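Have a look at the structure below before the remarks.
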Amino acid sequence: MTMWVPEDDGFADLGSHDSFAQGAPYNTFARLRREAPCHWSDFDGGKGYWSITRHADIDKLVRETETFSSARGIRMEDQTHEEYMARRTFQETDGTDHRKVRMKVAKAFSPKVVAGFEDQIRDLCGPILDRALEKGTFDATRDIARELPMRMLGQILGVPDEDLPWLVDKGDALMANSDPDFTDHVVDKLETDEFRLMPFNSPAGAELYEYSRTLMDRKNATGDTSGILHLILQPDENGETISETEFRNFFCLLVAAGNDTTRYSIAAGIQAIARQDGLLQELQTDEVWGTAADEIVRWASPATYFRRTAMKDVEVHGQQIKEGDKVLYWFISANRDESMFEDPYRLTLSRKPNRQLGWGQGGPHVCLGMHLARLEVRVLFQELAKRIKTIEPDGPEAFVRSNFVNGIKRMPVRVTLQ
1 MTMWVPEDDG FADLGSHDSF AQGAPYNTFA RLRREAPCHW SDFDGGKGYW
51 SITRHADIDK LVRETETFSS ARGIRMEDQT HEEYMARRTF QETDGTDHRK
101 VRMKVAKAFS PKVVAGFEDQ IRDLCGPILD RALEKGTFDA TRDIARELPM
151 RMLGQILGVP DEDLPWLVDK GDALMANSDP DFTDHVVDKL ETDEFRLMPF
201 NSPAGAELYE YSRTLMDRKN ATGDTSGILH LILQPDENGE TISETEFRNF
251 FCLLVAAGND TTRYSIAAGI QAIARQDGLL QELQTDEVWG TAADEIVRWA
301 SPATYFRRTA MKDVEVHGQQ IKEGDKVLYW FISANRDESM FEDPYRLTLS
351 RKPNRQLGWG QGGPHVCLGM HLARLEVRVL FQELAKRIKT IEPDGPEAFV
401 RSNFVNGIKR MPVRVTLQ
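Residues in the sequence shown are numbered from 1 upward in steps of one, following my numbering.
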């Protein structure tokens, strides 16, 4: 039995945010996997792009960074070189440039370090869940899924708790800059160059820039080295430090990506246990905890795609990709690929092996925070399963209007407690 069958007609415009506003167009991805696994699309917002939709292809090509580079942007929209240089984070670099920044903070997200957060995460989960569940009916995204990663973000960055709701709102305005529920500066509805040198072409980027400057001034004045931000400012082995712009872009990335992906994974997992018979009962056993988090992330696929740029002419599935062409790896399609996953539209907590690509596995850009996200998802659902007897939808979900972020932004549910 599948839990949910996609409803789009199979010919959605993947370049349009509206195509994702009612949930991802999975029928379109399924058709492309069958008929055109390397598919060219024109794009109203600029140059056209190639879509790569099969799991095996993405798993292979994501490793070929000399042929398909991140160093010209990771989103569908076109950028000038000036805009790219002003906005880029280490996500939008390859090779030595990428490794230089990544290595500075990788130890803070290592499996050993992250494992030490488990008790802290469990302590955060208790009050979050108790406040929400005692209401009986509530918005699971707002009251649960948003809260845990937001609180952990504060611990990682070393910022005051009172600043966190504002920070997360600004992160939403960056990542979901195509959704009017999150920003007044809807990126595909306005024609302005005012913020073109800010992250995601968003005024929220300017506000986060200013906040990061004030935060670090305050930390430096008091000698506060909590969180990981001071790591990124340390000189490398050659005595070089990152620029102020690079630091601020890194800060914006942590605020946005450090919250959204975990939040929408948790939200999708709650959606599944509210709609798929038997999942809650499985979560109330010990057998699934070694596999559940990765399956929930596969199911959620919060990062819809990442773009690369072809650095030379290359042929893929008989299609001639030219140097300079944009190539999109649709991770959300790979995670529903029938050739890789049995019954992909059903969440199977015990799925093993699970070669889901929600973390961008296989290449050098694998998600820096994947161990932390996996732990947050596992602990949250362990604590939730202890507390509830039933959970059901209490109205329709609402999805983020974005072809870059796949997320349930509102999800009314009704629970009974143990």
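Each residue gets a CB set at the ideal place from its N, CA and C atoms; glycine is no exception.
Note that the structure is predicted; figures quoted are calculated from it, not measured.
Would DSSP call residue i helix, strand or coil?
i           : result
residue 283 : helix
residue 266 : helix
residue 196 : coil
residue 333 : helix
residue 394 : coil
residue 304 : coil
residue 315 : strand
residue 19  : helix
residue 1   : In this prediction, residue 1 has a pLDDT of 39, which is less than 50 and means its spatial position is unreliable; what the coordinates show is noted afterwards. Coil, per DSSP.
residue 81  : helix
residue 235 : coil
residue 50  : strand
residue 297 : helix
residue 180 : coil
residue 127 : helix
residue 413 : strand
residue 229 : helix
residue 320 : strand
residue 328 : strand
residue 310 : strand
residue 43  : strand
residue 69  : strand
residue 138 : strand
Residues in the same chain with beta-carbon distance under 7 Å from residue i, minus the five sequence neighbours each way, listed in chain order, please.
i           : result
residue 383 : 122, 125, 126 and 129
residue 2   : Since pLDDT at residue 2 reaches only 48, below the 50 mark, its modelled position is unreliable, and the value read off the structure follows with that caveat. Contacts found: 343, 345 and 346.
residue 133 : 387, 388, 415 and 417
residue 207 : 170
residue 91  : 70, 74, 253 and 365
residue 83  : 196 and 197
residue 282 : 288 and 349
residue 46  : 77 and 78
residue 351 : 291 and 295
residue 181 : 409
residue 314 : 67 and 321
residue 89  : 249, 250 and 253
Among the candidates the options, whose CA atom is the shortest distance from the CA of residue i?
i           : options               : result
residue 176 : 416, 403 and 412      : 403
residue 141 : 188, 213, 270 and 187 : 270
residue 334 : 47, 43, 60 and 8      : 60
residue 109 : 245, 240 and 229      : 229
residue 148 : 376, 69 and 286       : 376
residue 302 : 263, 381 and 313      : 263
residue 373 : 315, 292, 408 and 82  : 292
residue 213 : 145, 159 and 187      : 159
residue 349 : 322, 84 and 378       : 378
residue 18  : 38, 39, 193 and 399   : 399
residue 131 : 317, 144 and 166      : 144
residue 98  : 66, 111 and 151       : 66
residue 120 : 215, 168, 151 and 93  : 151
residue 238 : 391, 100 and 258      : 100
residue 39  : 284, 87, 316 and 241  : 316
residue 396 : 115, 138 and 30       : 138
residue 412 : 332, 136 and 331      : 136
residue 77  : 351, 405, 217 and 187 : 187
residue 261 : 323, 80, 217 and 332  : 332
residue 255 : 204, 279, 116 and 236 : 204
residue 33  : 10, 113 and 391       : 10
residue 279 : 64, 222, 380 and 391  : 391
residue 36  : 318, 167 and 380      : 318
Excluding the 5 residues flanking residue i on each side, which residues of the same chain have their C-beta closer than 8 Å to its C-beta?
i           : result
residue 366 : 359 and 360
residue 227 : 155, 156, 157, 158 and 159
residue 242 : 101, 232, 233 and 250
Would you say residue i reaches chain C, if we count a Cβ-Cβ gap shorter than 8 Å as a contact?
i           : result
residue 258 : The structure shown contains no chain C; it holds only a single protein chain.
Tell me which same chain residues have a C-beta within less than 6 Å of the C-beta of residue i, skipping the five on either side of it?
i           : result
residue 8   : 25, 27 and 28
residue 55  : 334, 337 and 340
residue 42  : 48
residue 200 : 174 and 177
residue 87  : 199
residue 240 : none
Using a Cβ distance threshold of 8 Å, determine whether the stretch 299-318 contacts the stretch 66-74, with at least three qualifying pairs required.
yes
Cβ contact check for the stretch 348-359 and the stretch 290-303: 3 or more pairs under 8 Å:
yes
Does the stretch 240-251 come close enough to the stretch 364-378 to have 3 or more Cβ pairs within less than 8 Å?
no
At least three beta-carbon pairs within less than 8 Å, the stretch 46-55 to the stretch 325-340
yes
4-residue-minimum alpha helix (DSSP H) runs that sit fully inside the stretch 363-409, ordered along the chain:
370-387
Which whole runs of the alpha helix (DSSP H) in the stretch 141-186 are 4 residues long or more, in chain order?
147-157 and 164-175
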